[in-house]
Each structure stands twice: as C-alpha cells, then as structure tokens.
Amino acid sequence: MPEFAKIIDKFCFEGEYIGAHPYGFGHINDTYAARFKLANGKQRRYVIQRINHYVFKRPEYVMHNIEQVTGHLRKKIIAADGDPNRETITIIPTKVGRTYHKTTSGNYWRANSFIEGAQTYQKAVNLDHYYHAARAFGAFMWRLGDLPPDSLYETIPDFHNTPKRFHDFIEALEKDPANRAQSVKPEIDFTLSRANETGLLMELVKQGEIPERVTHNDTKFDNVMIDDVTGEGICVVDLDTVMPGTSAMDFGDSVRTGANPAAEDEQDLSKVYLDLEIFDRLAHGFLFETRDLLTPTEIQYLAFGAKLITLEQGIRFLTDHINGDIYYKVHRQDHNLDRCRAQYKLLSDVEGKFDSMLAMIEVHRQI
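Going by the numbering used here, the first residue of the sequence shown is number 514, and it counts up by one from there.
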C-alpha cells in the first residue's frame with residue numbers, strides 16, 4: 514500500500530519500523546500487525562487499522578466512543594489491581610495528539626498496542642471458552658455500568674432498532690423491487706406472525722422498565738481475546754459498535770452467534786439449532802459478572818434478547834433478499850434467503866427451548 518509508510522510516521526510508535534502484514538479475520542476494516550525494533554534489540558508489535566468509512570460514516574464518532582470507553586475501563590482495571598495494557602485496548606496517539614489520522618485521500622487510520630500472549634478464535638476449542646468469553650463481555654458491561662450512555666454517539670444509527678427493521682421489511686414487501694416476494698411467502702408469514710414482538714424491548718426502555726446501557730453490540734465469540742496460558746477471556750476487542758443499547762441484545766447476540774453450531778448461511782437446516790449446553794455456559798459466564806449490575810427485569814428479558822436479535826437478523830436478511838441483495842454481499846443465488854432461513858430455523862428452536870433457557874438463567878442469577 515503506497516501510503517502505508519506515511520501512515521507509520523504519523524503515530525507515536527516506539528522503535529524503528531521493520532514491516533507489517535495483514536492480520537485477523539475482520540471483513541470491515543483493513544487490519545495490519547506492524548513490527549518495530551526497540552533500542553535493546555527486542556521487537557514490539559502494534560495493530561494498525563484503516564477504518565471503513567463507508568460502514569462507519571463518522572469515524573471521528575467511532576474514535577470518540579473508543580477513547581471514552583477505554584479510558585473508563587483503564588480506571589476500573591487499575592482500581593482492581595488489573596493490567597490495563599492487557600485487559601483493554603491501548604490507543605496509540607498520533608504525533609499531534611489525536612486518536613486517528615485522516616489522509617489527504619480521505620482514509621481514516623488508527624493504531625493500538627498489540628496484546629501479546631493472547632489470541633482470538635474463530636471457533637471455541639471447548640465449553641470453557643464460551644464461559645470465559647461470556648465472562649469477558651459481562652465484565653465489560655459491568656465496568657462500564659456507570660458510564661452514561663448519552664456520552665457516546667450512535668456509530669450506526671438504529672443498529673438494533675427492531676421496529677425500524679420490521680418497518681423496512683414491510684416497505685420492501687410493498688415495493689417488491691426485485692419481484693421476489695411471491696417466492697418467499699413462508700418466510701414472510703413467519704415474520705408477520707411475530708410482528709408484535711419486534712417493539713417489546715424498545716417499549717420497555719421507553720417506559721423506563723429496562724435501562725439503556727453502554728453495550729458492545731457485536732458480542733461474537735471472536736471479539737474476545739483468550740489468554741494463551743490461563744484460557745481466560747482477558748480483553749474485549751472490536752469496539753467500533755460500542756454505543757447505547759440493552760443488556761438483552763448484547764447477551765442475545767452472543768447466544769445467536771455462539772450457541773448455534775452451524776454457519777450463519779447454512780443450507781442444511783438440520784444442522785441449525787440452539788445448543789443448550791453452550792447456552793448454559795454463556796448464561797453462567799455473563800451473569801457471573803453482571804448479576805449485581807442488571808435489574809431483575811433486565812435478567813428476566815435476557816433469554817428474550819436471544820429471540821429478538823435472531824428475529825431481527827432474519828428480518829434484515831429477508832428484507833435484503835426482497836430488495837435484490839443491495840446491502841449484504843452475496844456469493845450464490847438466494848444467499849440472503851439461505852441466511853434468513855437459517856436464522857428462522859434457529860429462532861424456532863430457541864422458541865421451543867425457551868422455558869429451559871429461562872430456567873438456566875434463573876439458576877445462574879442466584880449462584
């Protein structure tokens with residue numbers, strides 16, 4: 514990349530730059546691990562990223578949120594005698610004291626220290642991994658429990674506004690721009706039959722029965738760094754979507770993405786289901802950290818969060834299929850429809866196991 518060498522010179526890195534290579538499995542930002550040689554002959558690594566400003570329209574808002582959140586986390590970690598250099602992201606400032614650098618071509622770059630001795634996993638190695646990842650997300654929420662949500666920007670407006678997602682679906686259905694609605698009648702009926710659930714969580718927030726919190730909003734297993742020695746989740750990463758939200762949706766997305774052993778676009782729906790053993794570990798880990806933070810009503814709706822966010826994601830996939838695949842990248846015919854069907858199969862299984870989920874949460878809220 515021609516501008517990369519110029520980017521390196523803009524940040525306060527320690528040592529002499531040696532080289533860099535693409536790093537991680539992210540699909541949104543361009544990420545690199547850069548190596549620097551220190552005066553004592555040792556090497557230090559940093560993570561350098563180009564923020565995708567097509568997805569995140571206001572990268573400066575993203576960086577404001579990350580600065581606020583990591584600064585708050587550092588204070589909490591230090592107060593608990595933890596290691597802030599391993600337990601949260603450390604932003605590397607530019608030489609003019611900013612958290613990002615904007616190039617003349619309009620690209621936004623940022624950097625943070627590389628956390629050694631830990632890694633993210635695309636798939637869990639064992640059940641303990643799920644437990645420790647859930648604990649990390651729970652600790653993340655607990656430490657940010659006294660950070661006012663209105664101190665942060667919405668980096669993606671209406672990200673988990675399920676009523677709006679449903680409204681967008683109805684609008685797509687009425688317009689039917691790709692002439693596909695007639696061929697997906699079972700999926701349409703499935704969606705319409707659950708219309709009354711789409712606004713429930715937001716109404717509870719509006720009524721003050723559930724508080725708005727600072728939430729991660731992308732609680733996939735691979736957004737937690739697992740310590741190489743202890744196997745514990747030490748640091749939550751990928752903070753671009755940190756903004757106001759609800760505990761139910763954060764916990765729910767960890768279930769949607771973690772407790773289903775199949776791929777999000779799995780075509781063999783017999784492979785798609787809610788693994789209650791994994792759910793139990795997720796609930797245990799999350800509530801271990803948050804049971805004293807969350808209100809009784811919040812805990813009551815954690816399992817519902819798994820239902821709602823799965824429905825929401827299915828609606829988004831179905832809407833895009835009806836619109837002609839204009840948002841999500843597709844790699845085969847009816848790809849978005851396959852994604853929708855997988856979500857709806859998972860949702861059906863969640864609905865069938867809902868009482869068991871509630872019972873597990875009740876156990877772990879009292880331990």
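Yeah, the Cβ is synthetic: ideal placement off N, Cα and C, and Gly gets one too.
Given 8 Å, three or more beta-carbon pairs between the segment 824 to 843 and the segment 784 to 800: For the pair of segments examined, the segment 824 to 843 was found not to touch the segment 784 to 800: the number of CB pairs separated by less than 8 Å stays below three.
Cross-strand partners of Cys748 (DSSP beta bridge): On the sequence shown, position 235 is the one that residue 748 refers to. In DSSP, Cys748 forms a bridge with Met738.
So if DSSP puts Val568 in a beta bridge, which residue, or which two residues, is it bridged to? Looking up residue 568 in the sequence shown gives position 55. BP columns for Val568 are empty, so no partner.
Just to check my reading of the structure: Asn542 and Ile564 have Cβ atoms closer than 8 Å, yes? What is that Cβ distance to the nearest angstrom? The count along the sequence shown starts at 1 and reaches residue 542 at position 29. The count along the sequence shown starts at 1 and reaches residue 564 at position 51. Rounded, the Cβ-Cβ distance is 6 Å, consistent with contact.
From which residue to which residue does the alpha helix (DSSP H) around Lys858 run? Against the sequence shown, residue 858 aligns to sequence position 345. According to the DSSP assignment, Lys858 belongs to the alpha helix (DSSP H) that extends over His848 to Gly865.
Whole angstroms are fine: how far does the CA of Asp763 sit from the CA of His729? What you label residue 729 is simply residue 216 of the sequence shown in a count that begins at 1. What you label residue 763 is simply residue 250 of the sequence shown in a count that begins at 1. Taking the straight line from one Cα to the other gives about 7 Å.
Excluding the 5 residues preceding and the 5 following Asp778 in the sequence, name in chain order all residues of the same chain whose CB lies nearer than 7 Å to its CB. Here residue 778 refers to the residue found at position 265 when the sequence shown is read from its first residue. The answer, listed in chain order, is His848, Asp851, Arg852 and Ala855.
If you compare alpha carbons, which of Tyr786, Ala652 and Met870 is closest to Tyr881? The displayed coordinates of the chain run from 514 to 880. Any statement about residue 881 would go beyond what the structure contains.
Please look up how many angstroms separate the CB atoms of Asp741 and Gly630, rounded, as I've assumed it's under 8 Å. Taking the sequence shown and counting its residues from 1, the one referred to as residue 741 is at position 228. Taking the sequence shown and counting its residues from 1, the one referred to as residue 630 is at position 117. That belief holds up - the Cβ atoms of Asp741 and Gly630 are roughly 5 Å apart, short of 8 Å.
Just how far apart, CA to CA, sit Leu685 and Asp702? Here the question's residue 685 lines up with position 172 in the sequence shown. Here the question's residue 702 lines up with position 189 in the sequence shown. First, the amino acid is wrong: residue 685 is Ala here, not Leu. Cα atoms of Ala685 and Asp702: separation of roughly 14 Å, rounded to the nearest angstrom.
Please specify which runs of the alpha helix (DSSP H), each continuous and at least 4 residues long, are wholly inside the segment 545 to 594, giving them in chain order. Entirely contained in the segment 545 to 594, the alpha helix (DSSP H) runs reaching 4 residues are, in chain order, 572 to 592.
Is there contact between the segment 573 to 582 and the segment 656 to 668, where contact requires at least three CB pairs shorter than 8 Å? Yes, the segment 573 to 582 touches the segment 656 to 668.
Which value, in whole angstroms, describes the spacing of the CA atoms of Asn836 and Phe569? Here the question's residue 836 lines up with position 323 in the sequence shown. Here the question's residue 569 lines up with position 56 in the sequence shown. Here the alpha carbon of Asn836 sits roughly 22 Å from the alpha carbon of Phe569.
Below-7 Å beta-carbon distance, Asp868 vs any chain B residue: Chain labels in this structure do not include chain B; a single protein chain is all it has.
Quick check: the Cα distance between Tyr574 and Phe653, rounded to an integer number of angstroms? Taking the sequence shown and counting its residues from 1, the one referred to as residue 574 is at position 61. Taking the sequence shown and counting its residues from 1, the one referred to as residue 653 is at position 140. In this structure, the straight-line span from the alpha carbon of Tyr574 to that of Phe653 is close to 20 Å.
At the level of alpha carbons, what is the spacing between Ser760 and Arg769? In the sequence shown, counting from the first residue as 1, residue 760 sits at position 247. In the sequence shown, counting from the first residue as 1, residue 769 sits at position 256. Near 14 Å, if we compare the C-alpha coordinates of Arg769 and Ser760.
Segment contact flag, the segment 679 to 696 with the segment 830 to 846, C-beta cutoff 8 Å, min 3 pairs: Here the segment 679 to 696 lies against the segment 830 to 846, with 3 or more beta-carbon pairs under 8 Å apart.
Quickly, what does DSSP pair Phe524 with across the bridge? List them, please. Taking the sequence shown and counting its residues from 1, one reaches residue 524 at position 11. Paired residue(s): Thr607.
Is any heavy atom of the ligand MN found at a distance shorter than 6 Å from the C-beta of Leu657? Summarising the ligand content, the structure contains no ligands, and the ligand MN is consequently not present.
Please report how far the alpha carbon of Ala592 lies from the alpha carbon of Ala647, in whole angstroms. Taking the first residue of the sequence shown as 1, we reach residue 592 at position 79. Taking the first residue of the sequence shown as 1, we reach residue 647 at position 134. The alpha-carbon atoms of Ala592 and Ala647 are separated by roughly 22 Å.
Do Thr603 and His614 have their C-beta atoms within less than 7 Å of each other? Mapped onto the sequence shown, residue 603 falls at position 90. Mapped onto the sequence shown, residue 614 falls at position 101. Contact flag unset, no.
Looking at C-alpha atoms only, which residue of Leu807, Lys784 and Ala694 is the closest neighbour of Pro724? Sequence index remark: in the sequence shown, residue 724 carries index 211 (1-based). The shortest C-alpha separation from Pro724 is found at Leu807.
In the DSSP assignment, the alpha helix (DSSP H) including Arg599 goes from what residue to what residue? By one-based count along the sequence shown, residue 599 stands at place 86. First-last of the alpha helix (DSSP H) with Arg599: Pro597 to Glu600.
Tell me whether Glu687 sits in a helix, a strand or coil according to DSSP, three-state version. One-based indexing of the sequence shown puts residue 687 at position 174. Residue state, collapsed to three classes: helix.
Candidates Leu713, Val750, Phe817 and Tyr536: which alpha carbon is nearest Asp731's? If you number the sequence shown from 1, residue 731 lands on position 218. Taking only the C-alpha atoms, the option nearest Asp731 is Val750.
Spatial distance of Lys820 from Leu859 (CA atoms): Position 307 of the sequence shown, counted from the first residue, corresponds to residue 820. Position 346 of the sequence shown, counted from the first residue, corresponds to residue 859. Taking the straight line from one Cα to the other gives about 9 Å.
For Tyr621 versus Pro670, is the C-beta spacing smaller than 7 Å? Position 108 of the sequence shown, counting from 1, holds the residue named residue 621. Position 157 of the sequence shown, counting from 1, holds the residue named residue 670. Contact flag unset, no.
Just grab the DSSP bridge partners of Val727 for me. One-based indexing of the sequence shown puts residue 727 at position 214. According to DSSP, which records beta bridges pairwise, Val727 is partnered with Pro757.
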